[in-house]
Amino acid sequence: MKFLILIQVWTVFAQVGPNNRGYYWRDYKYKVPEDAVSCGKDSNGQETYVGQAYIHNDGVIVVQIFPAAKEIFAASYGLKKATMAVKILCAKSRDKFAWLRTNSKYFHVNVTDRNPVIGGFNHRELQKGILHVGRVVHHVEARIGSIDGFLENAKMNYVHGTTLQAADDFEVLLYNDKDDERIV
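In this text, residue positions in the sequence shown follow the numbering used here: the first is 1, and each later residue adds one.
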């Protein structure tokens, strides 16, 4: 039964073309597409990107893509190597994205009436459910990870080097799907 639910959820996130959210996920084969969404720079000043990957028994998890790296790791119940169904966030209008500073206690209040980017789905703990894209600055570089969906405890989990990190203060990636409104 869990496998069928996972397949249904994966088909939602595995779209290649534009969807009603205005952003989409492309297969990532270690080549960054022109429409990929940058999420900041690493310590060498190189662009990094938002990704997602299927992690067996855990779900579709937000990952950070470093184009020069040959391996991608996910913060998902420990540090896990992402080897299956790795995708990269893309959009035709990258200027419709913005980062909103928030924290674990007020995350749900701060994203009310906004459009936080859906980055994955936790199927190990269904109460966490949808995972959003988060960002922190850790040792002068942007780090991307998953924001858990718990009320009043929406922590962001991310990878730094070979360790799993959690943050209470972070930014959430928003997408403005309306032409006449400010995103933040």
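Every residue gets a Cβ at the ideal spot worked out from N, C-alpha and C, and that includes glycine.
Can you name the start and end residues of the alpha helix (DSSP H) that residue i belongs to?
{"i": "V109", "result": "107–110"}
At what residues does the beta strand (DSSP E) containing residue i begin and finish?
{"i": "S146", "result": "141–147"}
{"i": "Y24", "result": "23–27"}
{"i": "G40", "result": "38–41"}
{"i": "R135", "result": "129–138"}
{"i": "Y175", "result": "169–175"}
Relative to the C-alpha of residue i, which candidate in the options has its C-alpha closest?
{"i": "C90", "options": "G45, R26, N103", "result": "R26"}
{"i": "I118", "options": "G129, N110, V109", "result": "G129"}
{"i": "P33", "options": "I144, H139, G51", "result": "G51"}
{"i": "Y175", "options": "K96, G45, I72", "result": "K96"}
{"i": "V140", "options": "Y30, N44, G22, Y23", "result": "N44"}
{"i": "D169", "options": "S93, N157, K92", "result": "N157"}
{"i": "A185", "options": "K178, Y23, Y30, P116", "result": "Any answer about residue 185 is impossible in this case: the structure gives the chain only from 1 up to 184."}
{"i": "A98", "options": "F73, A85, R114", "result": "R114"}
{"i": "D58", "options": "P116, V159, A74", "result": "A74"}
Kindly list the residues whose CB is nearer than 7 angstroms to the CB of residue i, restricted to its own chain and excluding five residues on each side of it in sequence; keep chain order.
{"i": "F66", "result": "D42, T48"}
{"i": "A154", "result": "S104, F107, H108, I147, D148"}
Go ahead and label residue i buried or exposed: buried means 16 or more other beta carbons lie within 10 angstroms of its beta carbon, across all protein chains shown.
{"i": "H56", "result": "exposed"}
{"i": "C39", "result": "buried"}
{"i": "V137", "result": "exposed"}
{"i": "A167", "result": "buried"}
Using C-beta distances below 8 angstroms, list every residue in its chain close to residue i, excluding the 5 sequence neighbours before and after it, in chain order.
{"i": "K87", "result": "F13, A14, W25, R26, D27, Y28, G51, Q52, A53"}
Grab me the residues of residue i's own chain with a C-beta within less than 6 angstroms of its C-beta, minus the 5 sequence neighbours each way, in chain order.
{"i": "T102", "result": "N110, V172"}
{"i": "Q64", "result": "T48, I144"}
{"i": "G134", "result": "G145, I147, M156, F170, V172"}
Indicate whether the contact test is met: 3 or more Cβ pairs, each with one atom in the stretch 98–113 and one in the stretch 77–84, closer than 8 angstroms. no
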